[in-house]
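First the structure, in the form of structure tokens, and then the observations on it.
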Amino acid sequence: MSPVASVHSLWTVAAGAPGKIPAPHIEYAELSPTLIVLGAAVIGILIEALVPRRHRYYSQLLLSLVALAAAFAAVIGLAAGGFGSSKAHIAAMGAVAVDGPALFLQGTILLVSLIAVFTFAERRLEPAAHGEGASPARTKGRAWGRVDSFAAQPAAVPGSAAEQAAVKAGFTTTEVFPILLFAVGGMLIFPAASDLLTLFIALEVFSLPLYLLCALARRQRLLSQEAAVKYFLLGAFSSAFLLFGVALLYGYAGTVTYAGIAEVVSDGAKQIDPALAGTMGNDALLLIGAALVLMGLLFKVGAVPFHMWTPDVYQGAPTPVTGFMAAATKVAAFGALLRLLYVVLPGLRWDWRPVMWGVAILTMLGGAIVAITQTDIKRLLAYSSIAHAGFLLAGVVATSEDGVSSVLFYLGAYSFVTLGAFAVVTLVRDAGGEATALSKWAGLGRRSPLVAAVFAVFLLAFAGIPLTSGFAGKFAVFKAAAQSGAGWLVVVGVLSSAIAAFFYIRVIVLMFFNEPKADGPTVAVPSPLTTTAIAIGVTATLVLGLAPQYFLDLAGQASVFVR
Amino acid sequence: MNPVYYLYLAALLFTIGAAGVLIRRNAIVVFMCIELMLNACNLAFVTFSRMHGNLDGQIIAFFTMVVAAAEVVVGLAIIVSIFRTRHTASVDDASLMKL
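Which chain is which? The protein sequence lines are A and B, in order.
To convert, count from 1 in the first sequence and add 45; that's our numbering.
To convert, count from 1 in the second sequence and add 14; that's our numbering.
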């Protein structure tokens, strides 16, 4: 929609013959990854309504896996068809970009969600008769009689008779699969959004299902509900700020498409109707609007002034959800952040670079320093994810093609490590469910050397030790930052990596060189689902660490944004 | 009438909402303040739409209303479930997890 010459024509035109509205041209094939996932989510809801309870688990699991795999195949097909490079363009009437970074990030999100579905579907960790009365004879040998890590009936008050009845009846919340698919659908659009309205809608589409998923833990439901309330209120608060930023940017540029705003940012209000010059190209609107939109995105990323929700939500949410959230949300949000900064606001980079410098430094140091004092493994990983957001921001401020490709690579590497680490956390259990207190992990390496060794690999990757994916990612990000003249940022980054390495190594020492306690946790034997998830995590960590070049090249080819 | 006044009103409503989120303790009231912020955004969108003479802003206002409605569905579900568990909707009492 282009600015109309006379403002009032909008209101007077209706008196004449109603004009025909042309149907929008939608490239369905190019949007197929998102459409497949959202369509499968809708079918999943229908399954909840129509399929008998005992068949739901398998049908939902099958549907989710097939949908995510098909969407991933569609992404590969689009990339092979040249949509990542030569044929990159903006589809759906300027709303969704189909280009290298979008396809790379969508592929990463789909793979990560596929593994997350494995951990969501795990049903061997909780004792079959969780709760008091479930009769072992009835549930014996049948997978649907076993339970996963989600509440039997989320609407039942914790500790009430209704909850006990639901547990006794062996109810499970199979709705988590369609909810997950809706979240994935939003995440696929988020990094590809090419106007601010699509950005906002995608943000809500993936946030709302995540708020719900957070509230669904089977054990420690009070913590879970508290996490959901905190996440919801703070998330809604931050998206209101993002929306007001969108309003101000719309007021500034008269359009919400990225290309339109970028044009007004770089050219000022030169070719614009003189009647509108007073409101268009007003720098106050631009600066405040851009700051508010960035604030909303940095909240989702978990960067330091806006990070307060991260530890509570990561601790309270069911662990499979935490893993999914930590990995996939970060990928989607960084994708959107990159596109906003590199496509919409490159003309403003002398204004946002110093601010992002500050945010990156605060995030790296804040996350690393506060993590040292943590006594809960999930909170520790939450603060470590904050520190990693800082490292990623160091790549974002590079404002170069290397910056984009290094951030893409880092996101891919980091998300597999995170998912694997949280999957290991689900295995270490005692009578109260997962044993997340760090003190209980003492001596784990003596009892279950394999699980402890796998977790040590993930921790070393978090710390950025060579031969793991963490090192390759950090090296790429810091190199890009240094080349763009952000030398001090790199110094702070290396310093906070050293601080972070301290607490990762401390956990390893705790696991391997301390005596196990008599009442320590046991390591549950998972089904092939979680085993596969962890195995993929370890493989990706080692492959990306030992032979990163192919994937660095892939990220390099995918690093050009379409306008 | 100068449409800029509506922008000032939108900014004022947004600020009242943001202050309310930070000050009030009842989760429902906090949530109402967030809705107030979203509606302030709507007013800003519609005003800018009038100033620029294109319909983008009005369309976005509709989308915002739909999002706000969806947020109510999810938000009230979460708030009601925590209220039924604890018999209070005070956000200060939700403090099982600390630094």
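Heads up, the beta-carbon is just placed ideally off N, CA and C, and yes, glycines get one too.
| Check | Outcome |
| --- | --- |
| Between the C-alpha atoms of A/ALA398 and A/TYR387, what's the straight-line distance to the nearest angstrom? | The sequence given here has Arg at residue 398 of chain A, not Ala. Going by the C-alpha atoms only, they are around 11 Å apart. |
| Specify, as a first and last residue, the run of the alpha helix (DSSP H) that A/VAL570 falls within. | Counting along the chain, A/VAL570 falls outside any alpha helix (DSSP H), and DSSP gives it neither H nor E. |
| Given a limit of 8 Å on CB to CB distance, which residues of the region 236-248 of chain A reach chain B? | LEU242, PHE245 and ILE246 |
| Can you pull the DSSP bridge partners for A/ARG474? | A/GLU479 and A/THR567 |
| Determine whether the beta carbon atoms of A/ALA443 and A/ALA525 lie at a separation below 8 Å. | yes |
| At 8 Å on the CB atoms, spell out the chain B contacts of A/LEU257, in chain order. | VAL88, ALA91 and ILE92 |
| So, helix, strand or coil for A/ALA179, using DSSP? | For A/ALA179, the predicted model reports a pLDDT of 43, less than 50, meaning its position is unreliable; a value from the coordinates is still stated below. In the structure shown, A/ALA179 sits in coil (DSSP, three-state: anything other than H, G, I, E or B). |
| Please report how far the alpha carbon of B/ILE73 lies from the alpha carbon of A/THR577, in whole angstroms. | 46 Å |
| Taking the beta strand (DSSP E) that B/ILE73 falls in, what are its first and last residues? | Note, B/ILE73: premise wrong, no beta strand (DSSP E); alpha helix (DSSP H) at 70-100. |
| Give me the chain A residues within the contact set of B/ILE96, using Cβ-Cβ distance strictly less than 9 Å, ordered along the chain. | ALA260, LEU267, GLN270, GLU271, ALA273 and VAL274 |
| For B/VAL60, I'd like the list of residues in its chain whose CB is within less than 7 Å of its CB, leaving aside the five on either flank, ordered along the chain. | GLY71, GLN72 and ALA75 |
| Distance, Cα to Cα, A/PRO181 vs B/ALA54? | Note that A/PRO181 scores 47 on pLDDT, short of 50, meaning its location in the model is unreliable; the coordinates nonetheless yield the value given after this. Approximately 56 Å between the Cα atoms of the pair. |
| Do you know whose CA, among A/SER484, A/THR463 and A/VAL202, lies nearest B/HIS101's CA? | A/VAL202 |
| Under three-state DSSP, which class holds A/VAL404? | helix |
| Helix, strand or coil: how does DSSP classify A/ASP312 here? | helix |
| Would you list the one or two residues that DSSP bridges to A/ALA262? | A/PHE195 |
| From B/VAL81 to B/ASN16, what distance separates their C-alpha atoms? | 29 Å |
| In this structure, how does DSSP classify A/ASP144 when only helix, strand and coil are distinguished? | coil |
| Can you tell me whether DSSP reads A/HIS433 as helix, strand or coil? | helix |
| Return the chain-ordered list of same chain residues with a C-beta closer than 7 Å to the C-beta of B/GLY89, the five sequence neighbours on each side being excluded. | PHE45 |
| Please report the distance separating the alpha-carbon of A/PHE547 from that of A/ILE417. | 8 Å |
| Helix, strand or coil for B/ASN16, going by three-state DSSP, please let me know. | coil |
| Mind checking which residues open and close the alpha helix (DSSP H) that includes A/ILE550? | 532-558 |
| According to DSSP, simplified to helix, strand and coil, what is A/TRP189? | Because the pLDDT at A/TRP189 is just 45, under 50, the model does not fix this residue reliably, and the value given afterwards should be weighed accordingly. Correct three-state label for A/TRP189: helix. |
| Might you give, ordered along the chain, the residues of its own chain that have their beta carbon closer than 6 Å to the beta carbon of A/HIS70, omitting 5 neighbours on each side? | none |
| Quick one: what's got a C-beta closer than 8 Å to A/PRO199's C-beta in the same chain, skipping five residues either side? | THR218, ALA260 and LEU261 |
| Rounded to whole angstroms, what's the CA-CA distance from B/ILE42 to A/SER252? Just pull it up for me. | 19 Å |
| Which runs of the alpha helix (DSSP H) at least 4 residues long sit entirely within the region 503-534 of chain A? Give them in chain order. | 514-528 |
| Pairs of beta-carbons, one from the region 106-117 of chain A and one from the region 83-98 of chain A, closer than 8 Å: are there three or more? | yes |
| According to the Cβ coordinates, are A/ALA137 and A/GLU72 closer than 8 Å? | yes |
| For A/TYR549, which of A/TYR359, A/ILE246 and A/ILE422 has the nearest alpha-carbon? | A/ILE422 |
| By alpha-carbon positions, which one of A/ALA468, A/LEU555, A/LEU123 and A/GLN360 ends up nearest to A/MET581? | First, the residue type needs correcting, since residue 581 of chain A is Ile and not Met in the sequence shown. The shortest Cα separation from A/ILE581 among A/ALA468, A/LEU555, A/LEU123 and A/GLN360 belongs to A/ALA468. |
| So with Cβ pairs under 8 Å, would you call B/ASP106 a contact of chain A? | no |
| Within 8 Å (strictly less), CB to CB, does A/GLY299 reach chain B? | yes |
| Taking one C-beta from the region 378-394 of chain A and one from the region 17-32 of chain B each time, how about it: are there three or more such pairs within less than 8 Å? | no |
| Can you check whether the C-beta of A/LEU288 is within less than 8 Å of a C-beta belonging to chain B? | yes |
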